[in-house]
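Residue numbers (the numbering used here): 18 to 405. Beta carbons are placed, not taken as given, at the ideal position from N, Cα and C, and that holds for glycine. Here the structure comes first, spelled out in structure tokens, and everything after it is commentary.
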């Protein structure tokens with residue numbers, strides 16, 4: 018069981034670090050399907066699969082690519098993921114894709130979408146999903162339903178397919194299972210954080226953005242069994258919630274550092290788009306309405322998703338209490354406007370509630386972690402002393 022788990026994790030790392038997208042190329046050759054890239058945070062993957070595409074997560078280049086050309090397209094104070102995604106396109110790494118889909122996250126991501134359209138229109142189609150900004154508006158669900166149908170009809174047409182509601186319902190069911198399996202893994206980590214290191218759970222989730230959902234579901238089921246069979250040695254540490262890495266992902270070395278210094282992460286928002294709904298999406302009736310209603314009425318709190326019914330500050334405190342966490346670690350990408358704007362609000366509420374917190378900023382090409390190590394070790398030791 019342990020060998021199988023380690024093999025799956027090694028495969029995940031290989032997938033995530035491959036900026037040539039060899040697995041995507043292989044899938045296209047074997048199946049004849051297309052491949053559509055999507056930029057974080059959330060994207061309706063069910064639509065792409067049903068339209069005949071492999072949904073491919075494009076989360077920047079990490080530390081696997083040098084930025085030599087994309088800097089000329091942006092100002093100085095732009096997050097790493099935007100620049101490295103543009104670099105991937107300019108160097109031909111994304112030629113395996115048929116198109117890219119973006120949505121409203123921030124000004125930088127919006128600009129990236131139209132830079133893609135301007136620079137790569139001969140290689141890729143570009144779509145932009147305009148998600149409702151007023152979720153409690155009377156027309157919001159109907160508007161979003163129409164937006165989803167528009168995207169699906171266009172993508173299916175590009176593949177020479179006719180719209181097929183049954184195919185879309187099948188996709189919804191498969192992604193419901195994917196979200197449920199992620200939920201089981203997160204609950205297992207909450208109960209036994211030493212046996213489910215956050216760095217490994219993050220790898221599993223990231224790999225899902227490069228695999229067919231059926232294959233990823235099988236992998237998650239196998240890894241659930243593998244993690245469940247573990248029996249790690251007890252060691253000192255604190256239970257923490259990590260907030261802020263909803264878009265650009267921290268370097269894997271930084272996540273491994275969290276595990277090493279005794280930060281037992283029991284809740285996070287890494288790649289939150291893979292767990293975007295709090296309940297299953299119905300697989301009966303009109304699938305476009307089902308997806309739209311789920312988006313509007315089954316929200317997961319996030320800095321890139323306004324929901325007046327679920328204040329983000331209140332939701333963060335609730336997660337801390339529910340998971341019996343002792344602290345919050347904010348991990349924001351440098352120059353991340355949505356995250357750093359929210360940090361001011363979060364900080365005020367946590368201090369009022371007496372919840373310890375620490376801010377760590379990161380970027381994709383972060384090579385030295387000594388400052389972060391010192392801050393994290395000091396933070397953990399102070400809390401261990403306090404709770405001793």
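Item	Value
Neighbourhood of residue 117 by C-beta distance below 6 angstroms, restricted to the same chain and skipping five residues each side	54, 133, 141, 143
Element boundaries [beta strand (DSSP E), containing residue 52]	51-55
Unbroken stretches of the beta strand (DSSP E), 3 residues or longer, contained in the segment 138-167	142-146
Member of 248, 107, 174, 372 whose CA lies at the smallest distance from the CA of residue 343	372
Boundaries (first-last residue) of the beta strand (DSSP E) holding residue 120	116-120
Strand pairing of residue 327, partner residues [DSSP]	Paired residues: none, contrary to the question.
Touching by the beta-carbon criterion (3+ pairs, under 8 angstroms), the segment 165-177 and the segment 190-197	no
Backbone CA spacing between residue 382 and residue 325 [nearest angstrom]	36 angstroms
Cβ pair count under 8 angstroms reaching 3, the segment 241-259 against the segment 272-283	yes
Reduced DSSP category for residue 60 - H, G, I as helix; E, B as strand; rest coil	coil
Within-9 angstroms CB hit, residue 315 to chain D	Reference to chain D is not applicable here, since this structure consists of a single protein chain.
Beta carbon of residue 235 nearer than 9 angstroms to that of residue 59	no
CB contact flag (residue 122, residue 260, <9 angstroms)	no
Where residue 86 sits in the DSSP three-state scheme	coil
Neighbour-count burial assignment, residue 126, 16 or more Cβ in a 10 Å radius	buried
C-alpha distance - residue 358 paired with residue 20, whole-angstrom precision	44 angstroms
C-alpha distance - residue 109 paired with residue 63, whole-angstrom precision	27 angstroms
Residue 123 (DSSP reduced to helix, strand or coil)	coil
Alpha-carbon spacing of residue 129 relative to residue 52, whole angstroms	19 angstroms
Local conformation of residue 176 per DSSP, three classes	coil
Beta-carbon spacing of residue 319, residue 273 below 9 angstroms	no
Contacts around residue 390, its chain only, beta-carbon distance under 8 angstroms, and the 5 residues preceding and following it disregarded	274, 278
Simplified DSSP state of residue 280, which is helix, strand or coil	strand
Distance between residue 352 and residue 229 (C-alpha atoms, nearest Å)	33 angstroms
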